[in-house]
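Novice: Numbering (the numbering used here), first residue to last: 612 to 946.
Glycine included, every Cβ here is placed at the ideal spot set by N, Cα and C.
Computed from a predicted structure; not experimentally measured.
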Amino acid sequence: MNILVTGGAGYIGSHTVIKLIEAGHTPVVVDNLCNSSAESLRRVAQITGVTPPFYQQDVRDTAALEAVFAKHAIDAVIHFAGLKAVGESTEKPLLYYQTNLDSTFTLLEVMRTFNVKTLVFSSSATVYGSEPAPYSEDSPIGRGITNPYGRTKYFIEEMLRDIASSDGSLAITSLRYFNPIGAHPSGLIGENPNGVPNNLMPYITQVAVGKRAELGVFGDDYDTVDGTGVRDYIHVDDLAEGHVAALTHSQTGYCAINLGSGEGTSVLQLVHAFEEASGAKVPYKIHPRRPGDVAVSYAKIARAADVLQWRTTRTIEDACRDSWRWQSGNPEGYK
Ligand code: NAD
Ligand code: UD1
Numbered sequence: 612m613n614i615l616v617t618g619g620a621g622y623i624g625s626h627t628v629i630k631l632i633e634a635g636h637t638p639v640v641v642d643n644l645c646n647s648s649a650e651s652l653r654r655v656a657q658i659t660g661v662t663p664p665f666y667q668q669d670v671r672d673t674a675a676l677e678a679v680f681a682k683h684a685i686d687a688v689i690h691f692a693g694l695k696a697v698g699e700s701t702e703k704p705l706l707y708y709q710t711n712l713d714s715t716f717t718l719l720e721v722m723r724t725f726n727v728k729t730l731v732f733s734s735s736a737t738v739y740g741s742e743p744a745p746y747s748e749d750s751p752i753g754r755g756i757t758n759p760y761g762r763t764k765y766f767i768e769e770m771l772r773d774i775a776s777s778d779g780s781l782a783i784t785s786l787r788y789f790n791p792i793g794a795h796p797s798g799l800i801g802e803n804p805n806g807v808p809n810n811l812m813p814y815i816t817q818v819a820v821g822k823r824a825e826l827g828v829f830g831d832d833y834d835t836v837d838g839t840g841v842r843d844y845i846h847v848d849d850l851a852e853g854h855v856a857a858l859t860h861s862q863t864g865y866c867a868i869n870l871g872s873g874e875g876t877s878v879l880q881l882v883h884a885f886e887e888a889s890g891a892k893v894p895y896k897i898h899p900r901r902p903g904d905v906a907v908s909y910a911k912i913a914r915a916a917d918v919l920q921w922r923t924t925r926t927i928e929d930a931c932r933d934s935w936r937w938q939s940g941n942p943e944g945y946k
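Here it is, written out as structure tokens:
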């Protein structure tokens with residue numbers, strides 16, 4: 612199938628493009644490169660031997676998007692494009708609402724024009740807000756979300772549900788990602804954050820490679836195994852395969868599905884697993900809790916197994932080893 616991949620030059624998108632090619636699909640990438648580099652797609656070509664068609668444009672540019680649909684006879688869409696920095700979203704909420712919502716509106720309109728029925732949307736575990744973990748897809752969403760980024764995911768999910776129920780021929784899946792880490796085992800592509808990383812794994816790898824002095828651990832007084840926050844880390848290649856499965860098994864209607872491992876790992880457990888896998892040291896210091904953090908987040912994964920016939924196959928150790936291979940081989944990212 613010809614799959615439009617918005618945001619396909621980004622971290623999760625580039626890994627998914629590889630899995631799509633390996634599954635026999637033809638990905639077509641639209642990305643404005645506001646948080647990525649075309650180098651990621653050159654490396655995808657190096658890994659797969661296939662150069663995916665790439666259009667550097669904003670998803671909100673309706674005419675340009677129509678031209679891509681017209682040229683490539685798009686069968687289905689995976690919509691990764693969006694802004695994702697939680698802190699920035701609290702400073703620039705309008706930018707986040709405009710970018711994330713408008714891009715989705717434009718995409719849905721153009722899909723309607725070209726009679727494309729299948730959409731897979733990048734949602735997040737953040738939609739569960741302050742609900743107690745583990746989260747099932749039937750847990751309420753939207754309550755206690757602490758930032759505009761998270762609310763864009765929630766609003767888009769609600770909108771997609773309405774749109775799917777207004778037209779029974781649409782097949783819309785929201786994939787609620789837990790915490791993606793790791794990199795392609797080649798070490799050629801990986802996560803490439805701008806500036807100081809907000810997320811734990813890129814911070815750990817930047818400390819290990821000597822770019823930053825030490826990790827700040829945000830709180831050691833949570834009610835968890837060692838007092839540090841617990842998350843459900845998922846290897847980005849498992850996540851990427853989850854998208855291929857979502858296309859394969861997509862059904863009419865609206866369906867939200869957790870993509871996680873179903874297991875929780877604490878900050879210090881991840882630090883120690885990383886040190887073990889990499890042989891590098893990660894000095895750390897305990898800091899106060901980060902505002903907006905929950906103590907524990909992990910997924911119930913039965914629906915992904917039932918509906919997508921998918922579950923994670925890679926371990927935390929695999930993810931640590933692959934993150935390290937990427938970071939140590941590319942200390943400046945794609946530069
Ligand atoms: P990323 O920033 O690496 O990728 C997003 C891509 O979208 C980037 O290449 C960026 O240039 C592009 N983009 C942004 N706005 C655009 C626009 N208006 N038009 C065209 N391209 C645009 O992020 P990622 O980690 O790969 O995340 C992909 C998706 O998954 C995002 O929607 C994100 O919110 C969601 N998500 C990510 C995580 C995570 O931890 N990485 C967790 C949950 C959900
Ligand atoms: C964060 C976002 C969430 C977003 C997700 C993926 C917040 C409140 N939540 O989730 O909306 O969907 O990223 O982009 O920002 N940690 C440290 N030191 C660090 C970084 C993180 O101790 O330098 C801890 C955190 O307190 C947390 C864990 O590591 O316990 C994971 O943090 P992070 O990678 O930022 O992910 P989330 O908090 O799950």
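Going by C-alpha to C-alpha distance, which of A687, H683, T784 and Y760 sits closest to F732?
Specialist: The residue labelled residue 732 in the question sits at position 121 within the sequence shown. Taking only the C-alpha atoms, the option nearest F732 is T784.
Novice: Is Y788 near ligand 1 - that is, is its Cβ less than 6 Å away from at least one heavy atom of it?
Specialist: Here residue 788 corresponds to residue number 177 of the sequence shown, with the count starting at 1. Yes - ligand 1 has a heavy atom lying nearer than 6 Å to the Cβ of Y788.
Novice: For ligand 2, is there a heavy atom less than 6 Å away from the beta-carbon of S735?
Specialist: As a working note, residue 735 is residue 124 in the sequence shown. True, at least one ligand heavy atom lies under 6 Å from that Cβ.
Novice: Taking 7 Å as the cut-off, decide whether the C-beta atoms of S714 and V670 are in contact.
Specialist: To locate residue 714, count along the sequence shown from 1; it is residue 103. To locate residue 670, count along the sequence shown from 1; it is residue 59. Their beta carbons are under 7 Å apart, which means S714 touches V670 by this criterion.
Novice: Using a threshold of 6 Å, is the CB atom of V679 nearer than that to any non-hydrogen atom of ligand 1?
Specialist: Position 68 of the sequence shown, counted from the first residue, corresponds to residue 679. The answer is no for V679.
Novice: In three-state terms, what does DSSP make of Q667?
Specialist: Residue 667 sits at position 56 when you count from the first residue of the sequence shown. Three-state result, Q667: strand.
Novice: Can the beta-carbon of H626 be found closer than 7 Å to that of A910?
Specialist: Numbered from its first residue, the sequence shown carries residue 626 at position 15. Numbered from its first residue, the sequence shown carries residue 910 at position 299. Against a cut-off of 7 Å, the Cβ pair of A910 and H626 comes out as no contact.
Novice: Tell me where the alpha helix (DSSP H) around L676 begins and ends.
Specialist: One-based indexing of the sequence shown puts residue 676 at position 65. It spans T673 to H683 - the alpha helix (DSSP H) in which L676 sits, taken as one unbroken run.
Novice: Pull up the distance between the alpha-carbon of E825 and that of K896, whole angstroms please.
Specialist: Taking the sequence shown and counting its residues from 1, the one referred to as residue 825 is at position 214. Taking the sequence shown and counting its residues from 1, the one referred to as residue 896 is at position 285. Distance between the alpha carbons of E825 and K896 is about 7 Å.
Novice: Starting from P704, follow the alpha helix (DSSP H) in both directions and report where the run begins and ends.
Specialist: Residue mapping note: residue 704 aligns to position 93 of the sequence shown, counting from 1. Per DSSP, P704 belongs to the alpha helix (DSSP H) from P704 to T724.
Novice: Just to confirm my understanding: we take N790, look at its own chain, exclude 5 residues before and 5 after, and list those with CB closer than 7 Å. What are they?
Specialist: Along the sequence shown, one-based indexing puts residue 790 at 179. R842, D843, Y844 and I845.
Novice: Using 10 angstroms around the beta-carbon of P743, count the other beta-carbons present and answer buried if the total reaches 16, otherwise exposed.
Specialist: In the sequence shown, the residue the question calls residue 743 occupies position 132. P743 should be labelled exposed.
Novice: Tell me Y788's beta-bridge partners as DSSP assigns them.
Specialist: Along the sequence shown, read from residue 1 onward, the residue named residue 788 stands at position 177. According to DSSP, which records beta bridges pairwise, Y788 is partnered with S735 and L870.
Novice: Ends of the alpha helix (DSSP H) at E766?
Specialist: Within the sequence shown, numbered from 1, the residue matching residue 766 stands at position 155. Per the sequence shown, the amino acid found at residue 766 is Phe instead of Glu. Run containing F766: P759 to S777, per the alpha helix (DSSP H) assignment.
Novice: Counting C-beta neighbours from all protein chains within 10 Å, is the total for V882 16 or more, i.e. buried, or is it exposed?
Specialist: Indexing the sequence shown from 1 puts residue 882 at position 271. Its Cβ being crowded by 16 or more others within 10 Å, V882 is buried.
Novice: Could you spell out the range, first to last residue, of the alpha helix (DSSP H) harbouring Y814?
Specialist: Mapped onto the sequence shown, residue 814 falls at position 203. Element bounds for Y814: L811 to A819.
Novice: Over what stretch of residues does the alpha helix (DSSP H) that includes L694 continue unbroken?
Specialist: Numbered from its first residue, the sequence shown carries residue 694 at position 83. First-last for L694: undefined, no H or E at that position.
Novice: Using the Cα positions of Y865 and R754, report the straight-line distance between them to the nearest angstrom.
Specialist: What you label residue 865 is simply residue 254 of the sequence shown in a count that begins at 1. What you label residue 754 is simply residue 143 of the sequence shown in a count that begins at 1. Going by the C-alpha atoms only, they are around 20 Å apart.
Novice: Measuring alpha carbon to alpha carbon, tell me which of P942, C931, N869 and T876 ends up nearest Q920.
Specialist: Against the sequence shown, residue 920 aligns to sequence position 309. Closest by alpha carbon: N869.
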